[in-house]
């Protein structure tokens, strides 16, 4: 029988974030899922990932602050950003930009692993970083993130951590983890894609 996994303990999965017919994304659930995902960097087991986690959480806070300040104008992620920009401010919208970049990096890292489980997790993270966040980071930040990428555990240890187990992971539990991981990555890819397209629109720029 498969044991409980990290995914089972999430407050909110991206697969459970409501997306409307018009691609509107519910703010509260999106922020809950984003916060939940940051605990993955605890699972990776190295303090080197702390700056990555803190960067994501800092941007989540910017959106939360705007949501609290103007709840009626912030029911969806898109309306939160557009309505903030109408006030000639862009703190939350800039936070969203960086949060989406961080989520894109995370999902691309995990997608590489899902598609090629023989690749070292550190290489999956390095490859995704190069394709995403690295393009936006200056010389002072890149070494911090590169250090984190190299600190990723081997695949066997990663699965043990996701299974909250010190023993070898059973075949059933490993299969469950792969299924949950694939589901989460697919959902996150969809949300990242929607928000990236939104951010290309004129009313989402400042």
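Residue numbers (the UniProt record's numbering): 1 to 206.
For every residue, glycine included, the Cβ atom is placed at its ideal position computed from N, Cα and C.
Where the alpha helix (DSSP H) containing residue i begins and where it ends
i           : result
residue 83  : 77-85
residue 143 : 142-150
residue 98  : 91-115
residue 176 : 171-199
residue 160 : 155-162
residue 73  : Per DSSP, residue 73 belongs to no alpha helix (DSSP H) and is neither H nor E.
residue 35  : 27-38
Contact set for residue i: own chain, Cβ-Cβ below 8 angstroms, skip 5 residues either direction
i           : result
residue 145 : 51, 52, 129, 133, 134 and 137
residue 149 : 122, 125, 126 and 129
residue 204 : 78, 81, 82, 85, 93 and 198
Residue from the options whose Cα sits closest to the Cα of residue i
i           : options         : result
residue 37  : 90, 194 and 106 : 106
residue 12  : 30, 65 and 87   : 30
residue 54  : 89, 99 and 32   : 99
residue 182 : 41, 168 and 110 : 110
residue 17  : 206, 3 and 184  : 184
Contact set for residue i: own chain, Cβ-Cβ below 6 angstroms, skip 5 residues either direction
i           : result
residue 155 : 121
residue 189 : 107
Test item: CB-CB of residue i and residue j under 9 angstroms
i           : j           : result
residue 81  : residue 151 : no
residue 63  : residue 21  : no
residue 48  : residue 147 : yes
residue 208 : residue 61  : Lying before the first or after the last residue shown, residue 208 is absent from the chain, which here runs from 1 to 206.
7 angstroms Cβ shell around residue i - same chain, five flanking residues per side excluded
i           : result
residue 162 : 5, 6, 43 and 177
residue 104 : 132 and 192
- Would you call the region 19-33 and the region 69-83 in contact, with 3 or more CB pairs under 8 angstroms? yes
- Query: Can at least three beta-carbon pairs, one atom from the region 174-193 and one from the region 57-76, be found at a separation below 8 angstroms?
  - Reply: no
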